[in-house]
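Peer 1: What follows is a structure written as structure tokens; I'll ask about it next.
Protein chains in written order, with full-length UniProt numbering: chain A, 1 to 361; chain B, 1 to 392.
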């Protein structure tokens, strides 16, 4: 096959490209330039969008011996990922930009262009597996598994995707990179959000959304406990940075329970009020039955909860076997079918809301 | 493989390789006083005389540099600084809007860091500098102008500029002109003294010499403030130990290419015309950019409507055809060419452009290979041209 290897400049995508060559594919490497101004993105070791990353990707392609190009997707990335990220926070939700990037950039804009140019598939260094039936499965490395951020891919997108690293741990990938003479073998993992240079998401959002002071309200009493600079600065489940001067009557810490953009209100309450037992998702992508038992993951690298999932074209409703805390609207809910050969992704949806237990309502 | 990117760099001539290797075997710093040093110095001076003779300059006007970018920087900044030092009112730079980045960015740097005022000369649809605008600028600002820089021929679209006319016009006001002639040497006739230019940039690797060596022809009475400070080896304008093998090889290639220029213009020009005709035949809506006749014999430059230039490059590269989209930034990102934008202010046309440049070893087989791959590549690139994916 003629395949396009998306090369971030990190160790995973370099080894994935090398494996694709070894598998007999005709591989072309492409680095996606996503930053309008690469200098402002995370530098070197931590990001994937700097000039240094582009150079690392180019060098890896040299070592592997494949053609290499840079594709400028900065405008698309800005519109579909960065602007969306800001709009989601402004709407009181907590977006996952990596999910969005996979959905709109890597496996959409890039894949479409690749197919049009005569490539058959896109290869990435994601830690996930695609089995012979075309189903997405978790990586053998549970700690590095990225199936959560790939669950949003349609069967068509998955059908044109190759994830060569799903059967290898991260440590194994690094060792292999060293064996192959790839200089990125010991490059630190990228994490956090690539387009927020200093990792200060709240500060970054404040620059874009401005200061919009509002009230912090107690969920139980309705009492105003304090002021905030902008509701977008909060995430459900957040405890730190609330700046509430009066302690709760019971002396226990308070957490963000919900964000209401219309009234610019942040509602706080005790930890147990965070607990939800039913989660609703919209924009579903579903390959399972209409009512199934599954394991649900509600955020990246989050815990997994057994649940009963009812699927309809409008959305997913997951009734959890036990309540969980800190479920934020805007995140993805991903349903897995446990399997010894890698849990199988049944589908996903974007969390719209979650119901609290009766006692906390 | 069909190598159609000679404007980026062209293969070294065998005699230039030989000259390089033979000089590289010898020890000797051209500034040393002993026999080995004198021997090295002799080679440098013979090369200088050869280049001067071939390009219509005096030996003392040949300043060896590390290549075209350095020569352009030295000319633009050096003459600007020297002229401003002599007369603080002279803070204006006039340059064409289609200059190579080595000039363009030097001028912009002077604007940002040295308080220069810039008059950018517009070009017509063929990429030719508008002389009437130069006349108007000179009438309005002659007393402020430090230096004028207009390239001899454009590196992207190949259009040859009316440098002698432009220099003559500037001479009426006593203003020095620099011209970047990197693409022109060996392709079209060129004579430094006859041109009247104050400074001229040439480089080795575009005419069959090595990369990393070039020269600035700088008129005897033209002052330039150095960019780099050190031993002052080259007329106290340029410092750095002279690269003897590079210089010898450069001079060898330059002599050979200038001697072969009439033959080159005829043979490569005919090949280029065939390339243009066949491309326009195979892709009828392709647009030839640049002047149809006043262009470098080795240059062909097209826009392919509906295609991204970098998609075409990828597809042609996969088919063994090497070409260029024009300019690239440090990350290798395709930027719409400032040259095309200056000519047509049509970003889509600029993004859909491709340069196919021929050189001394180009053959008809290269064109056959290009034409075998091009129609399919254009068709594919057109399919990829629409960037919006289907909504989920």
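Backbone N, C-alpha and C fix where the C-beta goes; we use that ideal spot for every residue, glycine too. As the structure is a prediction and not an experimental result, all values here were calculated from the model.
Beta-carbon separation of residue 129 of chain B and residue 166 of chain B under 8 Å?
Peer 2: yes
Peer 1: Residue 6 of chain B by DSSP, collapsed to three states: which one?
Peer 2: coil
Peer 1: Please look up how many angstroms separate the CB atoms of residue 93 of chain B and residue 110 of chain B, rounded, as I've assumed it's under 8 Å.
Peer 2: 6 Å
Peer 1: Buried or exposed: which applies to residue 47 of chain A, given that a residue is buried once 16 or more other Cβ atoms fall within 10 Å of its Cβ?
Peer 2: Per-residue confidence for residue 47 of chain A stands at a pLDDT of 46, beneath the threshold of 50, marking its modelled position as unreliable; the derived number appears in the next sentence. Around the beta carbon of residue 47 of chain A, 16 or more other beta carbons sit within 10 angstroms, so the residue counts as buried.
Peer 1: I believe residue 322 of chain B touches residue 381 of chain B by the beta-carbon criterion, under 8 Å. Please report the beta-carbon distance rounded to the nearest angstrom.
Peer 2: About 16 Å; that fails the 8 Å criterion.
Peer 1: Let me see if you follow: with CB-CB separation under 8 Å, is residue 180 of chain B close to chain A or not?
Peer 2: no
Peer 1: Taking 8 Å as the threshold, find out whether the stretch 10-17 of chain A comes into contact with the stretch 110-117 of chain A through three or more Cβ pairs.
Peer 2: no
Peer 1: Which residues does DSSP list as the beta-bridge partners of residue 239 of chain A?
Peer 2: Note: residue 239 of chain A sits in no beta bridge, so no partner.
Peer 1: Would you decide whether residue 259 of chain B is buried or exposed? Buried here means 16 or more other CB atoms lie within 10 Å of its CB.
Peer 2: exposed
Peer 1: Does the Cβ-Cβ distance between residue 246 of chain B and residue 212 of chain B come in under 8 Å?
Peer 2: Residue 212 of chain B is positioned such that its CB atom lies closer than 8 Å to that of residue 246 of chain B.
Peer 1: Around the Cβ of residue 174 of chain A, are there at least 16 other Cβ atoms within 10 angstroms (buried) or fewer (exposed)?
Peer 2: buried
Peer 1: If you measure from the beta carbon of residue 317 of chain B to each beta carbon in chain A, is any gap under 8 Å?
Peer 2: yes
Peer 1: Are any of the Cβ atoms in chain B nearer than 8 Å to that of residue 118 of chain A?
Peer 2: yes
Peer 1: Taking Cβ-Cβ distances below 7 Å as the criterion, which residues of the stretch 346-367 of chain B are in contact with chain A?
Peer 2: Cβ contacts with chain A come from no residue of the stretch 346-367 of chain B.
Peer 1: Using 8 Å as the Cβ pair cut-off and three pairs as the minimum, do the stretch 349-356 of chain A and the stretch 9-18 of chain B touch?
Peer 2: The answer is no - the stretch 9-18 of chain B does not touch the stretch 349-356 of chain A, with fewer than three Cβ pairs under 8 Å.
Peer 1: Which residue marks the beginning of the alpha helix (DSSP H) containing residue 295 of chain B, and which one marks its end?
Peer 2: First-last for residue 295 of chain B: undefined, no H or E at that position.
Peer 1: Between which two residues does the alpha helix (DSSP H) containing residue 261 of chain B stretch?
Peer 2: 261-282
Peer 1: Does residue 126 of chain B get closer than 8 Å to chain A when you measure Cβ to Cβ?
Peer 2: no
Peer 1: So which residues of chain B does residue 155 of chain A contact, with C-beta pairs closer than 9 Å?
Peer 2: Scanning chain B for C-beta atoms nearer than 9 Å to the C-beta of residue 155 of chain A yields nothing, as the closest lies near 12 Å away.
Peer 1: Using a cut-off of 9 Å between C-beta atoms, extract the partners of residue 310 of chain B located in chain A.
Peer 2: 69, 70, 71 and 72
Peer 1: Can you list the alpha helix (DSSP H) stretches of 4 or more residues lying completely in the stretch 92-142 of chain B, in chain order?
Peer 2: 101-113 and 131-141
Peer 1: Helix, strand or coil for residue 80 of chain B per DSSP?
Peer 2: Residue state for residue 80 of chain B is assigned as helix, using DSSP reduced to three classes.
Peer 1: Mind checking if residue 113 of chain A is an interface residue toward chain B, Cβ cutoff 8 Å exclusive?
Peer 2: yes
Peer 1: Tell me residue 234 of chain B's beta-bridge partners as DSSP assigns them.
Peer 2: B/238
Peer 1: Could you tell me which residues DSSP pairs with residue 71 of chain A in its beta bridges?
Peer 2: A/32
Peer 1: Grouping DSSP H, G and I as helix and E and B as strand, with all else coil, what is residue 81 of chain A?
Peer 2: helix
Peer 1: Look up residue 255 of chain A in the DSSP assignment and give the residues it is bridged to.
Peer 2: A/269
Peer 1: Cβ closer than 8 Å: which chain A residues qualify as neighbours of residue 314 of chain B?
Peer 2: 28, 67, 69 and 117
Peer 1: Counting only beta-carbon separations shorter than 8 Å, does residue 351 of chain A have a partner in chain B?
Peer 2: The C-beta of residue 351 of chain A comes no closer than 8 Å to any C-beta of chain B.
Peer 1: Rounded to the nearest angstrom, what separates residue 55 of chain A and residue 348 of chain A at their Cα positions?
Peer 2: 35 Å
Peer 1: Can you tell me the Cα-Cα spacing of residue 268 of chain A and residue 303 of chain B, whole angstroms?
Peer 2: 60 Å
Peer 1: Just to confirm the assignment, what range does the beta strand (DSSP E) spanning residue 357 of chain B have?
Peer 2: In the DSSP annotation of this structure, the continuous segment of the beta strand (DSSP E) that includes residue 357 of chain B starts and ends at 353-357.
Peer 1: Can you give the beta carbon distance from residue 216 of chain A to residue 209 of chain A, rounded, assuming they're within the 8 Å contact cut?
Peer 2: The pair is not a contact, with the Cβ atoms about 17 Å apart (cut-off 8 Å).
Peer 1: Applying a beta-carbon distance threshold of less than 8 Å, which residues of chain A neighbour residue 8 of chain B?
Peer 2: In chain order: nothing, as chain A lies at least about 16 Å away.
Peer 1: Return no unless some Cβ of chain A is closer than 8 Å to the Cβ of residue 401 of chain B.
Peer 2: Since the first residue shown for chain B is 1 and the last is 392, residue 401 of chain B is missing from the structure and cannot be characterised.
Peer 1: In angstroms, rounded to a whole number, what distance separates the CA positions of residue 116 of chain A and residue 383 of chain B?
Peer 2: 5 Å
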